[in-house]
């Protein structure tokens, strides 16, 4: 029989991996709650109509569809198959689909439960999502998203808090020098106005983002190739020397966008957020203004966030988010402004691993294993084990009588730090022979001492 | 636009529901780890061949299949559709399927990763599973399983520990009088031998289980109707007056099954487990021997467990498990005995709810909300809020300037216990006006007092 495997793009997580992931998730969760966000959970699959058409054509293709059960497959649209309309054929076979992200289910949740909710509604959600993407390094078909969003308020204090929330999580994870990049959709619109080419905005930001790599001339060349006029480029010349402190950058932007109402509004919002964050202070992160930040251009309407790991780690963004003025409009509830951020669990894991920041105590291993010398000794051990567990100490019994080296080897491979050996002598004297499996030290202890050692 | 909904048999969980579920899960998780079990996670979907054929024909039908993506649907087996072989048609459209339970993925995991694992391998797993069952009260299409299993040891100390584990979890949940029912597959085989009808074993146990409801005559009548001879029924007469302590029951069984080698082995195992558990003592649960317990008859080979809630609650079993001598054989790894138990999260939730045992502190709500009187006051509040959060206190700012009743109403509906009001006066005197939203009391506090109040 061939060894069984798992579908491509999916993963098994070993005990140590689960523990490390839980370490990160727990810190994110605690901070979400500390900042007033409350957990919700939505089903793994939604009705197809809830998801389809919400992520563009590409997204529709990447949504995992669930095959109808039983007789329902008889409704297969064979004409569509014959005509090569595979999307239509597929949808005749499927009424449900796996969650593609947490944002659309959240919007659906808000609309469905609007009468039970108090607005502003601050929710967090930590659940897996699925995408039929081509798997590659760091990209999986099943992965967790960790989102915090608030809907029903346009207050910019939310944006300020979200910056603090990022800082708080990354500080607790031990990361120093995370950069929280901020931009504003209205500033991008302002730039588009100034260059007189709204349709070229993405080309523009993509090119500008390469400034470090290909230099001012390179960027300008690319912009010209993309059909942005030399005259337009001239107008935004300040963006090519866009350095200095945030407030200096804001001053430059303010001047540059003075002719654009929307641009000015964006600068104003940005200024409010950045000034307040500066006054409140961040712990270990850096807030930076990045006008090339153009993520979610299709739905974000205000602040845009993206988080870069400490510069010593070569890795893409470990988080992102922004404000969207019409989150729930797709489900018929208008005028619900929302703002939210997301943490990229898998990448954060890799960063924390690379910087060796997982605490040694992250493991769920037992603190001690009681060796098994036979039924009587084992049963005596069980009584001690029960008492220790009542003190919330993780201990276990090697379940079978086996050779000592086998039991030692087992304890070592399991990374259990102490072995407790109880033979006739120990039973008579009510003592415990304990071996420290790291140092090799041997001790003889009474129960209280054993308890103290393992606590 | 119609209000959006979710697929039948699935659920949204509100903040309070998530918190209550997490309360139970956290207790189960802590106990799993205290007893030396370590977490693993497996993908939500497995290759179809991993799951299909493992749960019987009925199971195969209830497995959610994932529709192949893109061009792959062209491989639809139209002949099968035409011939009405819907199972074959479906499987031509699907290579992956959602997890149906945690046991088969665990067996797959053990076989796939056998070279990395130390045996005995004690793992726990808390993840959702999916079944295309007809939804009804308390039965869902997506629900969590919480399993602990150990493979690679035949030691009966495992069974003893699993009884303790059940007791420990239910005690921590505050449940008194949970009954942990135990039986042994070998005792059932012994009974089958004695009545001379192995094929009638299930009919026999089903009928015997009704003793309380329909009386001895009723049970015997049903047995006769099912084709069990009067002579056979006569031989197991003691089972109709099967009362008394566990040890008395064991004595009766020992006599009854004296002619069956396997039956005797079962009695021996049961005796060992029950005696040791009695000597170790349970905290708040009751261990009881129930010979009608016949769950998992097809795969369990030794102990069989089923857990009944306290008698004041009318509800089916809230947990179950048993020993299976060949867990991983289906994937080609022979001779791996396993034993495990499962906790039924949804039913445990209902029991804890009905008995009003969720602690009041289970909520994730903020401890206090700072009212918003305008930008300056709000920003001043933010500074205080940041300091409180640094002390791990959950607090939040009402994000917008709004009428006082609106802010009060919001705080009340959110079940936030304190409102902090900061106006000019408070800012000048560095004090805080705090209202207890439960009692209505008003206080004026300094920062240290505020911190103490909320901690």
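Protein chains in written order, with our numbering: chain A, 1 to 455; chain B, 1001 to 1455.
The C-beta atom is built at its ideal place from N, Cα and C for all residues, glycine as well.
| task | Please report how far the alpha carbon of residue 457(A) lies from the alpha carbon of residue 340(A), in whole angstroms. | result | Since the first residue shown for chain A is 1 and the last is 455, residue 457(A) is missing from the structure and cannot be characterised.
| By how many angstroms is the C-alpha of residue 158(A) removed from the C-alpha of residue 1401(B)? | Here residue 1401(B) refers to the residue found at position 401 when the second chain is read from its first residue. Here residue 158(A) refers to the residue found at position 158 when the first chain is read from its first residue. C-alpha separation (whole angstroms): 13 Å.
| request: Could you tell me whether the Cβ of residue 157(A) comes closer than 8 Å to any Cβ of chain B? | output: As a working note, residue 157(A) is residue 157 in the first chain. With 8 Å as the cut-off, residue 157(A) counts as an interface residue toward chain B.
| said: Counting only Cβ-Cβ distances shorter than 7 Å, please list the residues of the region 377-392 of chain A near chain B, keeping chain order. | reply: 378, 379, 382, 383, 386, 389 and 392
| request: Work out the CA separation of residue 1265(B) and residue 19(A) for me, nearest whole Å. | output: As a working note, residue 19(A) is residue 19 in the first chain. As a working note, residue 1265(B) is residue 265 in the second chain. Computed Cα separation, rounded: 40 Å.
| said: How far does the alpha helix (DSSP H) with residue 1467(B) in it extend, from its first residue to its last? | reply: Residue 1467(B) lies beyond the range of chain B shown here (1001 to 1455); nothing can be said about it.
| request: For residue 1109(B), decide whether its Cβ has a neighbour in chain A, counting only Cβ atoms nearer than 8 Å. | output: Counting from one through the second chain, the residue named residue 1109(B) turns up at place 109. It does: the Cβ of residue 1109(B) has a partner Cβ on chain A nearer than 8 Å.
| Residue of 417(A), 419(A), 444(A) and 418(A) minimising C-alpha distance to residue 429(A) | Your numbering for residue 429(A) matches position 429 in the first chain. For residue 429(A), the nearest C-alpha among the options comes from 444(A).
| request: Just the C-alpha distance for residue 251(A) and residue 300(A), rounded to the nearest angstrom, thanks. | output: As a first step, residue 251(A) is located in the first chain; it is residue number 251 there, counting from the start. As a first step, residue 300(A) is located in the first chain; it is residue number 300 there, counting from the start. Roughly 23 Å separates the two Cα atoms.
| task | Give the DSSP bridge partners of residue 1139(B), in chain order. | result | Position 139 of the second chain, counting from 1, holds the residue named residue 1139(B). Its beta-bridge partners are 1136(B).
| Does residue 400(A) get closer than 8 Å to chain B when you measure Cβ to Cβ? | In the first chain, the residue the question calls residue 400(A) occupies position 400. Cβ-Cβ to chain B under 8 Å: yes for residue 400(A).
| query | Pick from 351(A), 190(A), 184(A) and 396(A): whose alpha carbon is nearest that of residue 302(A)? | reply | Position 302 of the first chain, counting from 1, holds the residue named residue 302(A). Nearest of 351(A), 190(A), 184(A) and 396(A) to residue 302(A), Cα basis: 184(A).
| Alpha-carbon to alpha-carbon, residue 364(A) and residue 155(A) | As a working mapping, residue 155(A) is identified with position 155 in the first chain. As a working mapping, residue 364(A) is identified with position 364 in the first chain. Each residue's alpha carbon lies about 42 Å from the other.
| query | Quick one: what's got a C-beta closer than 8 Å to residue 441(A)'s C-beta in the same chain, skipping five residues either side? | reply | Taking the first residue of the first chain as 1, we reach residue 441(A) at position 441. Excluding sequence neighbours, residue 441(A) sits near 435.
| query | By the 10 Å Cβ neighbour count, where 16 or more other Cβ atoms means buried, how is residue 1199(B) classified, buried or exposed? | reply | Indexing the second chain from 1 puts residue 1199(B) at position 199. Looking at its Cβ environment, which holds fewer than 16 other Cβ atoms inside 10 Å, residue 1199(B) is exposed.
| task | Could you have a look at residue 396(A) and say whether DSSP puts it in helix, strand or coil? | result | Taking the first residue of the first chain as position 1, residue 396(A) is located at position 396. Strand, per DSSP.
| request: With a threshold of 16 other CB atoms inside 10 Å of the CB of residue 1385(B), please say whether the residue is buried or exposed. | output: As a working mapping, residue 1385(B) is identified with position 385 in the second chain. Label assigned to residue 1385(B): buried.
| said: Between the region 1191-1209 of chain B and the region 1164-1176 of chain B, can you find at least three pairs of beta-carbon atoms closer than 8 Å? | reply: no
| said: Please classify residue 399(A) as buried or exposed, where buried requires at least 16 other C-beta atoms within 10 Å of its C-beta. | reply: Taking the first residue of the first chain as 1, we reach residue 399(A) at position 399. Buried, by the Cβ-count rule.
| task | Would you decide whether residue 1452(B) is buried or exposed? Buried here means 16 or more other CB atoms lie within 10 Å of its CB. | result | Here residue 1452(B) refers to the residue found at position 452 of the second chain. That one is exposed.
| request: Within 10 angstroms of the Cβ of residue 1004(B), are there 16 or more other Cβ atoms? Answer buried if so, exposed if not. | output: In the second chain, residue 1004(B) corresponds to position 4, counting from 1. Buried, by the Cβ-count rule.
| is_contact[residue 302(A), chain C] using C-beta, thresh 8 Å | In the structure shown, chain C cannot be found, because the protein chains are A and B.
| query | Grouping DSSP H, G and I as helix and E and B as strand, with all else coil, what is residue 1109(B)? | reply | Looking up residue 1109(B) in the second chain gives position 109. DSSP places residue 1109(B) in helix when its eight states are reduced to three.
| Closest by C-alpha distance to residue 104(A), when choosing among 48(A), 319(A), 81(A) and 136(A) | What you label residue 104(A) is simply residue 104 of the first chain in a count that begins at 1. Closest option to residue 104(A), Cα to Cα, is 48(A).
| said: Quick check: residue 190(A) and residue 262(A), are their CB atoms within less than 8 Å of each other? | reply: Along the first chain, one-based indexing puts residue 190(A) at 190. Along the first chain, one-based indexing puts residue 262(A) at 262. Against a cut-off of 8 Å, the Cβ pair of residue 262(A) and residue 190(A) comes out as a contact.
| Residue from 346(A), 254(A) and 62(A) with nearest C-alpha to residue 1068(B) | Here the question's residue 1068(B) lines up with position 68 in the second chain. Selected option, being the one with the closest Cα: 62(A).
| request: Output yes if chain B places a C-beta closer than 8 Å to the C-beta of residue 71(A); else output no. | output: Reading the first chain from its first residue, position 71 is the one you call residue 71(A). Yes, residue 71(A) lies at the interface with chain B (some Cβ there is under 8 Å from its Cβ).
| query | Helix or strand or just coil, what does DSSP make of residue 466(A)? | reply | It is not possible to answer for residue 466(A), since the shown part of chain A is limited to 1 through 455.
| Could you give the distance in angstroms between the alpha-carbon of residue 403(A) and the alpha-carbon of residue 437(A)? | Reading the first chain from its first residue, position 403 is the one you call residue 403(A). Reading the first chain from its first residue, position 437 is the one you call residue 437(A). Between residue 403(A) and residue 437(A), the C-alpha separation is close to 17 Å.
| request: Please find out if some non-hydrogen atom of the ligand NAD comes closer than 7 Å to the beta-carbon of residue 1121(B). | output: Looking for the ligand NAD in the displayed structure turns up nothing, as the structure carries no ligands at all.
| request: Closer than 8 Å, Cβ to Cβ, to anything on chain A: give me those residues from the region 1031-1048 of chain B, in chain order. | output: 1033, 1034, 1035, 1036, 1038, 1039, 1040, 1041, 1042, 1043, 1044, 1045, 1046 and 1047
| query | For residue 1184(B), which three-state DSSP category applies? | reply | Residue numbering aside, residue 1184(B) sits at position 184 when the second chain is read from its first letter. If DSSP states are grouped into helix, strand and coil, residue 1184(B) belongs with the strands.
| query | By how many angstroms is the C-alpha of residue 142(A) removed from the C-alpha of residue 136(A)? | reply | Taking the first chain and counting its residues from 1, one reaches residue 136(A) at position 136. Taking the first chain and counting its residues from 1, one reaches residue 142(A) at position 142. About 12 Å.
| Mind pulling the chain B residues with CB within less than 7 Å of residue 349(A)? | Locating residue 349(A) in the first chain gives position 349, where the first residue counts as 1. Here the premise fails: no neighbours, minimum Cβ distance about 13 Å.
| Under 8 Å, do residue 1050(B) and residue 1108(B) count as touching if we go by C-beta distance? | For the purposes of this step, residue 1050(B) is taken as residue 50 along the second chain, with counting starting at 1. For the purposes of this step, residue 1108(B) is taken as residue 108 along the second chain, with counting starting at 1. Yes, the pair counts as a contact, with Cβ atoms nearer than the cut-off.
| How many Å lie between residue 1420(B) and residue 1389(B) at the Cα? | The sequence position of residue 1420(B) within the second chain is 420, counting from 1. The sequence position of residue 1389(B) within the second chain is 389, counting from 1. Taking the straight line joining both Cα atoms gives about 15 Å.
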